[in-house]
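**Student:** I'd like to ask some things about the structure below.
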Amino acid sequence: MRDSSPMGEFLRARREALKPQDIGLPAHGRRRVPGLRREEVALLAGVSPDYYMRLEQGRETGPSPQVVAAIAAALHLDEEALDHLRRLTRAPHGRRGIPAARSRVGPQLLQLLDSWPDTPAFVLGPALDVLAYNTLAAALHSGFQQFDNLARMVFLDPAGRGFHQDWEKAANSCVAEIRAAYGCDPESPRITEVVDTLCAKSPEFAARWARHEVRGKTRQPKHLVHPGVGALEIQFSAFTVNDAPHQQLVVYQAEPASATMAAFAELRSLGPAPHSAGLA
Numbered sequence: 431m432r433d434s435s436p437m438g439e440f441l442r443a444r445r446e447a448l449k450p451q452d453i454g455l456p457a458h459g460r461r462r463v464p465g466l467r468r469e470e471v472a473l474l475a476g477v478s479p480d481y482y483m484r485l486e487q488g489r490e491t492g493p494s495p496q497v498v499a500a501i502a503a504a505l506h507l508d509e510e511a512l513d514h515l516r517r518l519t520r521a522p523h524g525r526r527g528i529p530a531a532r533s534r535v536g537p538q539l540l541q542l543l544d545s546w547p548d549t550p551a552f553v554l555g556p557a558l559d560v561l562a563y564n565t566l567a568a569a570l571h572s573g574f575q576q577f578d579n580l581a582r583m584v585f586l587d588p589a590g591r592g593f594h595q596d597w598e599k600a601a602n603s604c605v606a607e608i609r610a611a612y613g614c615d616p617e618s619p620r621i622t623e624v625v626d627t628l629c630a631k632s633p634e635f636a637a638r639w640a641r642h643e644v645r646g647k648t649r650q651p652k653h654l655v656h657p658g659v660g661a662l663e664i665q666f667s668a669f670t671v672n673d674a675p676h677q678q679l680v681v682y683q684a685e686p687a688s689a690t691m692a693a694f695a696e697l698r699s700l701g702p703a704p705h706s707a708g709l710a
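So, in structure tokens, the structure goes:
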């Protein structure tokens with residue numbers, strides 16, 4: 431995972447993902463490189479080809495906000511990808527790293543998790559480590575070998591494909607979320623460890639990681655299948671933890687009087703002992 435220039439790797443991946451017709455160029459003829467040429471992006475952004483080449487090669491690391499915006503427009507980046515590029519252009523001392531101590535969940539938050547017996551809830555770290563969870567969340571994920579890291583569970587656990595009705599969507603989401611966290615702290619040892627392990631063990635993760643797609647959590651419903659209670663349609667919310675900004679509190683909910691709410695009630699009766707002390 432260790433790139434010589436995270437910004438350069440991002441720019442190159444996004445350039446190669448664009449097709450000539452995406453920017454109004456004819457698609458006929460042989461092209462020696464995938465996607466757009468560097469000169470084409472430079473022309474669209476209004477910078478010299480040599481300057482843009484230095485950005486991709488990591489020899490130029492401090493583009494102005496105006497240049498960043500122009501390159502983002504040339505590469506058709508959305509707002510999340512633009513924010514990610516801005517973070518990558520900051521000098522290392524200007525980034526807010528992720529303190530190791532923040533991998534532990536505060537006692538008040540642990541108490542809050544345990545106070546929700548009818549709602550699966552858990553806390554995630556930036557590498558999608560499950561730092562703490564309540565009883566119903568443990569029961570919901572009881573088909574997995576461990577409820578420890580969402581990306582590992584999706585890509586490496588045999589239960590992952592059956593649990594997610596749309597496995598491709600879940601896989602893309604996991605990788606894009608870790609990529610966003612990586613933009614906040616490319617030097618994070620934990621993110622490096624998780625990504626290196628998954629790239630080595632899962633070609634499907636490695637291929638997605640190479641795309642440099644960035645996306646935070648959406649609000650779209652999750653469609654899951656639990657081996658004991660069947661299909662579930664889950665609404666969910668994710669909240670930033672104020673005293674630990676790199677943690678997220680994830681809360682799953684069922685529509686009132688729905689089959690999923692009935693399944694949650696059944697899970698409560700089947701559920702394991704509380705595990706909200708977590709895996710921190």
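Every position in the sequence shown, counted from 1, becomes a number in this note's numbering once 430 is added.
Built from N, CA and C at the ideal position, the CB exists for glycine as well.
Is it the case that the region 546-557 contacts the region 627-644, given that we only count it when at least three CB pairs across the two stretches are under 8 Å?
**Tutor:** no
**Student:** Cα separation between S533 and L561?
**Tutor:** 7 Å
**Student:** Below 6 Å CB to CB, which residues in the same chain sit around R620 once its five sequence neighbours on both sides are set aside?
**Tutor:** A557
**Student:** Tell me, please, which residues DSSP counts as bridged to K652.
**Tutor:** I664
**Student:** Could you give the residue range of the beta strand (DSSP E) that holds Q576?
**Tutor:** No beta strand (DSSP E) contains Q576, which DSSP labels as neither H nor E.
**Student:** Going by Cα to Cα distance, which pick from Y682, T491 and K449 is closest to Q712?
**Tutor:** Any property of residue 712 remains undetermined from this structure, which presents the chain solely from 431 to 710.
**Student:** Just to check my reading of the structure: A504 and L485 have Cβ atoms closer than 8 Å, yes? What is that Cβ distance to the nearest angstrom?
**Tutor:** Wrong, their Cβ atoms sit about 12 Å apart, outside the cutoff.
**Student:** Count the CB pairs spanning the region 653-661 and the region 624-641 that are closer than 8 Å, and state whether there are at least three.
**Tutor:** These segments do not touch.
**Student:** State the DSSP-derived secondary structure class of H514, mapped to helix, strand or coil.
**Tutor:** helix
**Student:** For T670, list the residues DSSP reports as bridge partners.
**Tutor:** Q678
**Student:** Suppose you measure from the CA of G438 to the CA of Y563; what does that come to, to the nearest Å?
**Tutor:** G438 and Y563 have their C-alpha atoms spaced approximately 37 Å apart.
**Student:** Measure the alpha-carbon distance for E711 versus A610 and round it to whole angstroms.
**Tutor:** There is no way to answer for residue 711, as the model of the chain reaches only from 431 to 710.
**Student:** Count the other CB atoms within 10 Å of the CB of Q575; is the residue buried (16 or more) or exposed (fewer)?
**Tutor:** exposed
**Student:** Among the residues of its own chain, which have a CB less than 8 Å from the CB of P547, if the five just before and after it don't count?
**Tutor:** N564, T565, L566 and R698
**Student:** Measuring alpha carbon to alpha carbon, tell me which residue in A499, F593 and L700 is nearest A569.
**Tutor:** L700
**Student:** Could you please give the first and the last residue of the uninterrupted beta strand (DSSP E) stretch that includes V553?
**Tutor:** A551 to L554
**Student:** Taking 7 Å as the limit between beta carbons, can you name the residues of its chain near A531, skipping five residues before and five after?
**Tutor:** Summary for A531: the model assigns pLDDT 43, below 50, so the residue's position carries little reliability; its value from the coordinates is reported in the next sentence. Correct list: empty, nothing qualifies.
**Student:** Specify the secondary structure class of D596 as computed by DSSP and reduced to three states.
**Tutor:** coil
**Student:** Please tell me whether V680 and R638 are closer than 8 Å, where the distance is taken between their beta carbons.
**Tutor:** no
**Student:** Can you tell me whether A695 is buried or exposed? The criterion is at least 16 other CB atoms within 10 Å of its CB, across all chains shown.
**Tutor:** exposed
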